[in-house]
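Novice: Chains as they are written, first to last, in the numbering used here: chain A, 2 to 309; chain B, 249 to 525; chain C, 249 to 525; chain D, 653 to 940; chain E, 653 to 940.
No residue lacks a Cβ here, since even glycine has one placed at the ideal position from N, Cα and C.
Treat the numbers as computed from the prediction; the structure is a model and nothing was measured.
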Amino acid sequence: KTDISITRQPGILYLASHVMETQDLIEKHAAKAGLDGVTVEWRMFSGGGAQTDALLAGQVDVVNTGTGNLLLLWDRTNGNVKGITASSAQPALLVSVNPDIKSLEDFGADDRIAVPTVGVSTQAILLQMAAAEMFGEDQIRHFDPMTVQMGHPDALAALSNSQHEVRNHFSSPPFQYIALKNGAHQVASSRDIIGGPLTQATFFTTVSFADGNPVIVQAIRDATEEAIDFINEDIEGALQMYKDISGDQTPLEDLIGIMQQPHMMDFIMKPQGTMRFAEHLHKIGTLTKMPESWTDYYLPASADLDGN
Amino acid sequence: MLAISDPAAARTAQGDAANAALVDVRNVTLQYKTSSLLVTATDDVSFTVDQSDRFVLLGPSGCGKSTLLKAIGGYMKPTVGSIAVNGRPVSRPGADRMMVFQEFDQLLPWKTVLHNVMFPLLATRRLPRKEAEERARHYIDKVKLTRAVDSYPHTLSGGMKQRVAIARGMAMQPDVLLMDEPFAALDALTRRQMQDELLQLWDETRFTVIFVTHSIAEAIKISNRILLLSPHPGRVKAEVRNVDSIKADHAEAGALEKRIHDLLFSETIEEPGHVQR
Amino acid sequence: MLAISDPAAARTAQGDAANAALVDVRNVTLQYKTSSLLVTATDDVSFTVDQSDRFVLLGPSGCGKSTLLKAIGGYMKPTVGSIAVNGRPVSRPGADRMMVFQEFDQLLPWKTVLHNVMFPLLATRRLPRKEAEERARHYIDKVKLTRAVDSYPHTLSGGMKQRVAIARGMAMQPDVLLMDEPFAALDALTRRQMQDELLQLWDETRFTVIFVTHSIAEAIKISNRILLLSPHPGRVKAEVRNVDSIKADHAEAGALEKRIHDLLFSETIEEPGHVQR
Amino acid sequence: MSSVEFVMADEAGGGRGGHISQVERKLGAWELLWRVGAVRKTLIILVLAGAWQLYATYLNNPLLFPTLTDTLEALYRRTMDGTLPARMWTTLQILVSGYVIGTLLAAVLTVLAINTRIGTDFLETMTAMFNPLPAISLLPLALIWFGLGPASLVFVLIHSVLWAVALNTHTGFTSVSQTLRMVGANYGLRGLPYVTKILIPAAFPSILTGLKIGWAFAWRTLIAAELVFGVSSGQGGLGWFIFENRNLLRIPDVFAGLLTVIIIGLIVENVIFQTIERNTIARWGMKG
Amino acid sequence: MSSVEFVMADEAGGGRGGHISQVERKLGAWELLWRVGAVRKTLIILVLAGAWQLYATYLNNPLLFPTLTDTLEALYRRTMDGTLPARMWTTLQILVSGYVIGTLLAAVLTVLAINTRIGTDFLETMTAMFNPLPAISLLPLALIWFGLGPASLVFVLIHSVLWAVALNTHTGFTSVSQTLRMVGANYGLRGLPYVTKILIPAAFPSILTGLKIGWAFAWRTLIAAELVFGVSSGQGGLGWFIFENRNLLRIPDVFAGLLTVIIIGLIVENVIFQTIERNTIARWGMKG
Ligand SMILES: Nc1ncnc2c1ncn2[C@@H]1O[C@H](COP(=O)(O)OP(=O)(O)OP(=O)(O)O)[C@@H](O)[C@H]1O
Ligand SMILES: Nc1ncnc2c1ncn2[C@@H]1O[C@H](COP(=O)(O)OP(=O)(O)OP(=O)(O)O)[C@@H](O)[C@H]1O
Ligand SMILES: [Mg+2]
Ligand SMILES: [Mg+2]
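1) Taking the alpha-carbon positions, what's the residue 311 (chain B) to residue 288 (chain B) distance?
2) Using only the alpha-carbon positions, how far apart do residue 325 (chain B) and residue 336 (chain B) sit?
3) Buried or exposed: which applies to residue 243 (chain A), given that a residue is buried once 16 or more other Cβ atoms fall within 10 Å of its Cβ?
4) If you check the beta carbons only, do residue 362 (chain C) and residue 398 (chain C) fall under 8 angstroms apart?
5) Got a sec? Which residues, its chain only, sit under 6 angstroms from residue 413 (chain C) by beta carbon, not counting five neighbours each side?
6) What does residue 853 (chain E) touch in chain C if you count any residue whose Cβ is under 9 angstroms from its own?
7) For residue 308 (chain B) and chain C, any beta-carbon pair shorter than 8 angstroms?
8) For the candidate residues A:68, A:170, A:164, A:91, whose alpha-carbon lies nearest to that of residue 117 (chain A)?
9) Distance, Cα to Cα, residue 810 (chain D) vs residue 160 (chain A)?
10) Can residue 323 (chain B) be considered in contact with ligand 1, in the sense that its beta carbon sits closer than 7 angstroms to one or more heavy atoms?
11) On the DSSP letters alone, give me the boundaries of the alpha helix (DSSP H) that residue 417 (chain C) sits inside.
12) Does the beta-carbon of residue 295 (chain A) have 16 or more other beta-carbons within 10 angstroms, so that it is buried, or is it exposed?
13) Under the DSSP definition of a beta bridge, which residues are partnered with residue 186 (chain A)?
14) Since residue 660 (chain E) meets chain B, which of its residues come closer than 7 angstroms, beta carbon to beta carbon?
15) Got a sec: which bits of the region 15-49 of chain A sit with their beta carbon under 8 angstroms from any beta carbon on chain E, in order along the chain?
16) Against residue 896 (chain D), what residues of chain A qualify as contacts under a CB-to-CB distance less than 7 angstroms, listed in chain order?
17) With a threshold of 7 angstroms on Cβ separation, who are the neighbours of residue 753 (chain E) within its own chain once the five nearest residues in sequence on each side are excluded?
18) Once the 5 residues before and after residue 821 (chain E) are set aside, which same chain residues still bring their CB inside 8 angstroms of it?
19) Whose Cβ in chain B lies nearer than 9 angstroms to the Cβ of residue 931 (chain D)?
20) In chain E, which residues lie less than 9 angstroms from residue 302 (chain B) when you measure between Cβ atoms?
21) Is the beta carbon of residue 812 (chain D) within less than 7 angstroms of some heavy atom of ligand 3?
22) Within the structure, which residues are defined as neighbours of ligand 4 by a Cβ-heavy atom distance below 7 angstroms, reported in chain order?
23) If you measure from the CB of residue 846 (chain D), is any heavy atom of ligand 1 nearer than 7 angstroms?
24) What residues of chain A sit near residue 713 (chain E), judged by a beta carbon separation below 8 angstroms?
25) Starting from residue 454 (chain C), find everything on chain D with Cβ-Cβ shorter than 8 angstroms and list it in chain order.
26) Comparing C-alpha positions only, which one of A:124, A:119, A:105, A:165 sits nearest to residue 136 (chain A)?
27) What are the partner residues of residue 345 (chain C), as DSSP defines its beta bridges?
28) Using the beta-carbon count (16 or more within 10 Å), is residue 182 (chain A) buried or exposed?
29) Could you check the C-alpha separation between residue 439 (chain C) and residue 508 (chain B) for me, to the nearest Å?
30) Expressed to the nearest angstrom, what Euclidean distance is found between the alpha-carbon atoms of residue 770 (chain D) and residue 692 (chain E)?
31) Using a cut-off of 9 angstroms between C-beta atoms, extract the partners of residue 400 (chain C) located in chain E.
32) For residue 476 (chain C), collect the residues of the same chain with a Cβ closer than 8 angstroms to its Cβ; drop the 5 residues on either side in sequence, then sort them by chain order.
33) Anything in chain B within Cβ reach of residue 282 (chain C), meaning under 9 angstroms, just list it in chain order.
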């Protein structure tokens with residue numbers, strides 16, 4: 002198969018894929034491996050759910066989205082969907098405009114924390130993990146009643162409106178940095194909660210596609226590697242590619258500023274913190290079976306990635 | 249010869265008299281605006297109806313009888329001229345002028361015969377529910393529909409529908425009853441019965457009625473005054489007065505019928521219709 | 249005395265004769281089902297209409313005349329009995345039996361007078377467009393609506409609407425023309441003109457017409473046979489034949505009118521209506 | 653030719669059979685039942701259910717399109733553990749309040765529209781402008797005005813119900829026959845009494861359609877809006893239930909949620925709306 | 653008392669003025685224009701625009717609710733750089749095809765419904781079942797059957813248009829007066845000719861309302877559905893444009909997108925639908 006389609010979401014977390022698209026890296030690496038005439042169609046989706054549906058319906062071949070989606074799909078398909086490689090592991094920050102809230106302990110029952118999706122988003126899961134850590138396993142849902150569901154732009158707008166009841170936002174790049182710039186302060190970070198980086202974006206596909214197209218799977222890995230190298234070498238050039246594709250009008254300097262925030266350059270191919278994440282999901286019943294190790298839900302070909 | 253030759257003076261003179269004109273139609277021109285056409289239905293029509301008159305409008309099809317009645321009812325405004333009822337200019341419809349329309353769809357389809365007749369009595373708060381029902385039943389009996397009292401309009405025949413409308417109009421005992429060919433859909437006997445009911449009721453309460461009919465015989469039977477209209481656009485051709493003075497005599501009635509007929513249709517009938525757009 | 253005393257035998261006998269009954273209504277009972285009630289409109293009615301008959305249905309309001317006409321038109325099925333036109337049982341409406349309805353809303357509001365009259369001619373592919381228009385204009389002239397030819401129905405008076413419907417029915421020159429009180433909304437002169445037109449047309453083409461009217465005089469004027477129906481539910485009371493044999497003589501017509509009147513209304517009128525639910 | 657001949661009915665052949673025992677009689681219970689059409693509709697539903705089962709089995713992709721039996725099993729399970737009824741209850745509460753308020757607003761708007769010319773223009777303009785607007789466009793304003801509670805959901809619901817109901821009601825009103833209008837005016841009815849006593853019953857078929865469409869769109873919007881709007885954890889409605897299970901890829905549960913929507917839709921249509929219809933426009937002969 | 657008295661009109665007082673020069677005359681152009689109501693509607697729109705500007709200025713939170721001037725500026729900018737027209741074009745293409753197909757399907761369904769009893773039951777059941785279902789429920793089937801292309805969008809659009817149009821059309825059909833039905837039957841019209849020549853024009857007010865509602869819901873659905881189906885290589889429509897700019901926090905552009913929806917809505921309503929209305933039901937006297 003040479004006409005392959007890959008989906009991703011908009012945003013700077015998916016910077017690697019923008020480089021891969023602009024430089025035709027997958028095509029290049031496939032050709033290098035002897036498979037000529039590969040064409041990649043990059044599709045943009047607004048969220049992860051539609052992407053997994055498209056994958057299940059066989060309408061797309063590879064998906065580039067969050068870790069939670071991979072774990073879930075791996076579980077539900079009995080291991081028929083597996084990861085190829087991770088592509089980013091930037092931190093997600095919990096920010097607040099309420100001066101009384103300095104750490105997770107300060108949240109009272111009346112405080113409201115905006116998360117992209119109540120209960121299931123990475124941010125919501127992180128709050129649960131923090132609660133388990135702070136108050137014990139039986140208090141795992143301590144923060145759940147405080148969460149409210151808002152898209153990142155809406156939450157950002159809410160924080161900027163002093164009358165709004167939502168004063169806290171478990172955000173995501175780049176929104177968290179805009180909030181910080183607008184006067185919010187950081188309360189917590191995914192790195193604190195998980196004890197290190199957490200993979201945000203990952204490429205995954207069905208096992209049958211991987212089995213039938215080993216060259217392409219390998220090309221995606223190689224392309225990701227080259228893209229990340231490129232980002233590390235020429236962040237300006239990478240951001241320009243992002244701007245060209247997404248139409249983002251944010252000045253380049255601002256984007257560079259964002260990338261200069263701590264750990265924003267964590268484009269890491271090794272799966273990071275995924276087992277901790279899986280453990281939690283299994284604990285709350287989202288995953289029906291606990292993977293033995295991260296290699297269970299990554300392709301055998303990716304076993305050399307040395308993830309966790 | 250018309251008694252009044254100067255209408256303005258006459259009105260002032262009669263204004264304080266007991267038998268002042270109840271309905272005063274003065275130089276009335278009525279027009280319809282359609283999306284791109286202006287149709288003149290009646291032109292410069294004047295007449296007065298006195299208290300307790302049984303006034304008939306007679307004229308060929310399309311001459312504007314229904315339109316005139318609608319104007320008196322307050323459903324349309326004259327382009328020129330004025331209409332006054334009880335000395336006050338007509339500005340809107342009201343229950344003092346009950347109308348029996350020519351159309352069969354004038355009953356409220358969601359109400360039974362009984363409730364159709366009761367409806368105006370209740371809607372105008374003229375009577376409490378119990379009395380309204382009593383009165384309604386009384387008039388439904390009069391139009392011989394006792395057995396259909398609980399039927400919905402769509403299960404009635406054409407003539408039955410019109411009789412319900414007549415009962416509804418009469419039950420309101422209005423200042424002026426406006427009736428647009430109410431008996432047209434009735435058979436000979438029912439028609440005669442209705443006419444008799446109307447006359448008997450008039451004997452009892454001496455209400456005022458303006459009546460459109462196509463039957464000259466019917467006009468002679470029920471009216472005391474007849475207004476003859478010319479074809480499109482309707483203009484007053486003549487007025488016949490003291491029609492009731494000949495009620496008893498059959499031969500005379502026949503002669504009158506013939507005379508009216510000749511008067512009405514002396515010219516060949518003009519074709520009513522519209523200029524092409 | 250009815251010529252035929254055994255209908256079945258008679259039909260067989262006449263079946264191959266030239267003047268076979270065109271319309272054969274046999275022991276027909278017609279009922280309406282409403283949401284919870286069953287209303288019998290006519291009960292066990294039989295009659296035959298021959299080719300070129302001008303057949304009138306006469307009876308009190310609500311006796312089922314419209315219903316009978318609708319059954320012949322094919323709009324409802326008899327509960328009991330059978331109806332055949334041209335030897336074939338009536339199963340559905342068709343353009344061989346053109347109907348002029350009693351209701352004023354039978355014109356298609358989205359078509360002008362001309363196109364309303366042309367419509368059935370085109371819809372049944374009886375005539376190409378040009379001839380259809382010619383024929384339509386011819387009949388619109390006959391009903392004196394030449395000037396309203398391009399008007400939409402809602403701008404017409406009640407009588408004008410009915411005349412359009414008459415023109416539409418006649419223009420189709422059907423095997424049987426079914427007319428439900430077509431002239432009820434017309435003034436005396438127009439009515440007479442329409443009657444004359446009908447008769448003249450009949451002289452020309454000898455079509456068959458079944459006609460509902462409330463006017464006994466009208467029935468005598470236009471018909472050769474009259475069927476008298478009793479009140480609700482409608483049953484055959486009598487049939488009057490050879491009505492046209494007295495057309496010319498006025499005194500005789502008066503006597504006939506009186507006789508029919510007495511026959512029809514000998515009993516006190518029964519109140520049509522429904523049992524309460 | 654011979655002169656006029658009278659043939660009396662009792663002399664004529666084809667004797668009166670007297671086979672009609674009653675002039676009018678009540679219709680049988682069975683006949684009435686068959687008219688309700690429940691039997692035929694059940695059949696249609698069974699056929700559709702069968703098609704679902706067969707197609708899903710053939711497709712064999714339970715993460716995309718589960719079989720009916722799996723769905724029913726999920727429906728049973730989630731009903732028994734109390735989740736579905738609770739979610740349904742939450743949703744219905746909001747649904748009904750949004751629907752009722754939206755309908756009332758539509759009534760106000762159409763009353764204004766029918767009584768004044770500028771009202772008509774206002775309704776027409778507002779409908780043309782706001783009807784096509786997706787709910788998300790109202791989100792920022794709703795958040796400012798109503799915060800994160802159910803009030804915002806109700807606001808969005810109103811938006812979805814209002815225009816459809818108003819449009820249908822207004823068309824219904826303007827199509828009421830001239831004669832009936834004149835009858836109403838004759839009794840001195842004006843303004844609100846005129847609307848309630850004449851226009852609403854006369855326009856009832858259109859209004860009922862508007863209410864049906866409004867109801868359906870309230871559902872659609874609510875299910876969608878629950879995803880967009882903040883639901884405080886654990887308190888979500890059916891839309892949230894569907895979304896949550898979708899996120900967790902518990903597809904049979906998703907379809908159990910959708911089936912609940914369908915079932916409620918069928919109940920509302922066949923019990924509530926059909927009953928209204930039977931007792932109004934059908935009885936009044938306003939339905940062909 | 654005296655005997656019958658004839659008073660001829662020319663003998664009577666109140667002379668005939670002859671002040672009516674023509675029995676019928678054409679209405680003036682101005683009068684016709686005023687009837688169109690464009691003037692009054694423009695006024696309403698201006699008032700709303702003013703309210704927007706004032707409220708947004710007062711709110712002073714451009715991230716939430718930009719001013720009208722900012723929005724207009726964005727609208728101008730994005731129109732000039734070609735983005736908006738291109739997005740609009742993409743959306744309109746899909747919108748129109750979905751709308752047309754949905755309407756045609758609605759026609760087929762209602763024709764079946766009006767001609768057969770089982771058709772009626774089918775329509776009623778399907779409407780009750782599917783009308784409340786949100787578009788996401790069709791997503792899996794759409795994906796399987798039509799993939800990610802515009803065909804899937806069209807499929808979802810059809811779902812949103814079909815039931816509203818069918819419901820209104822069917823109500824319109826069933827409310828056609830018994831007399832008109834009989835007239836149609838009289839001419840031997842049956843099946844399709846009966847529907848097109850009698851029922852459709854007679855039910856036109858209801859159908860038009862259905863078409864308006866269907867149009868509005870097609871918009872709403874499309875804007876929402878474009879997010880679900882995503883885009884490839886920058887070809888998205890207006891819905892994606894709104895989502896994209898929202899994500900990039902370009903709120904004036906978001907509102908420029910919404911304003912485009914509003915403007916198209918106004919144009920369609922006031923140019924297309926009003927023209928149809930003026931030439932049909934208004935001319936036929938079917939609108940009060
Ligand atoms: N709504 C309308 N729009 C335009 N013209 C109308 C309207 N109604 C009636 N007309 C026209 O006005 C004239 C008078 O109509 P009207 O109904 O008053 O006649 P009429 O005397 O009642 O006739 P008929 O005895 O046939 O009922 C006719 O030429 C008719 O075409
Ligand atoms: N749709 C219907 N549903 C139920 N009953 C009906 C229906 N139409 C007519 N009827 C009843 O059938 C009987 C006969 O009605 P029909 O219309 O045939 O009378 P008709 O002889 O034409 O009377 P008219 O001269 O008043 O028009 C009446 O009692 C009437 O109430
Ligand atoms: Mg009239
Ligand atoms: Mg009749």
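Specialist: Straight from the coordinates:
1) Annotation: residue 311 (chain B) to residue 288 (chain B) spans about 10 angstroms, alpha carbon to alpha carbon.
2) Rounded to the nearest angstrom, the gap between the Cα atoms of residue 325 (chain B) and residue 336 (chain B) is 14 angstroms.
3) Per the 10 Å Cβ criterion, buried.
4) The answer is yes: Cβ separation under 8 angstroms.
5) Cβ-Cβ distances below 6 angstroms link residue 413 (chain C) to 348, 354 in the same chain, with the five nearest sequence neighbours on each side left out; the list follows chain order.
6) The answer, in chain order, is 356, 357, 358, 359.
7) At least one chain C Cβ lies under 8 angstroms of residue 308 (chain B).
8) Closest option to residue 117 (chain A), judged by alpha-carbon separation, among A:68, A:170, A:164, A:91: A:170.
9) C-alpha separation (whole angstroms): 27 angstroms.
10) Of the heavy atoms belonging to ligand 1, none sits nearer than 7 angstroms to the Cβ of residue 323 (chain B).
11) Taken as a continuous stretch (DSSP letters only), the alpha helix (DSSP H) holding residue 417 (chain C) covers 406-419.
12) Residue environment analysis places residue 295 (chain A) among the buried positions, since at least 16 neighbouring C-beta atoms fall within 10 angstroms of its C-beta.
13) DSSP lists A:97 as partners of residue 186 (chain A).
14) Residues of chain B whose Cβ lies closer than 7 angstroms to the Cβ of residue 660 (chain E) are, in chain order, 486.
15) For chain E, the residues of the region 15-49 of chain A that bring a beta carbon within less than 8 angstroms of one of its beta carbons are 42, 43, 44, 45, 46, 47, 48, in chain order.
16) Ordered by position in chain A, the residues that pass the 7 angstroms Cβ test against residue 896 (chain D) are 120, 121.
17) Close CB contacts of residue 753 (chain E) within its chain, under the 7 angstroms cut and outside five residues either way in sequence, are with 806, 810 (chain order).
18) Around residue 821 (chain E): 758, 759, 762, 855, 858, 859, 862.
19) In chain order: nothing, as chain B lies at least about 10 angstroms away.
20) Within chain E, no residue comes near residue 302 (chain B); the closest Cβ sits about 14 angstroms away, beyond 9 angstroms.
21) No, Cβ of residue 812 (chain D) sits at least 7 angstroms from all heavy atoms of ligand 3.
22) Those residues are B:405, B:406, B:407, C:313, C:314, C:350, C:428, C:429, C:460, given in chain order.
23) Not a single heavy atom of ligand 1 lies less than 7 angstroms from the C-beta of residue 846 (chain D).
24) Neighbours of residue 713 (chain E) on chain A, chain order: 158, 161, 162.
25) Those do not exist, as residue 454 (chain C) stays about 17 angstroms from chain D at its closest Cβ, beyond 8 angstroms.
26) Nearest C-alpha to residue 136 (chain A): A:105.
27) Within the DSSP secondary-structure output, residue 345 (chain C) pairs in a beta bridge with C:424.
28) If you draw a 10 Å sphere on the C-beta of residue 182 (chain A), you find fewer than 16 other C-beta atoms in it, and that means exposed.
29) Rounded to the nearest angstrom, the gap between the Cα atoms of residue 439 (chain C) and residue 508 (chain B) is 16 angstroms.
30) Counting only the Cα atoms, residue 692 (chain E) lies some 7 angstroms from residue 770 (chain D).
31) Counting only Cβ-Cβ distances below 9 angstroms, residue 400 (chain C) has contacts in chain E at 935, 936, 937, in chain order.
32) Cβ neighbours of residue 476 (chain C) beyond the five flanking positions: 306, 307, 484, 485, 486, 487, 488, 508, 511, 512.
33) 399, 400, 402, 403, listed in chain order.
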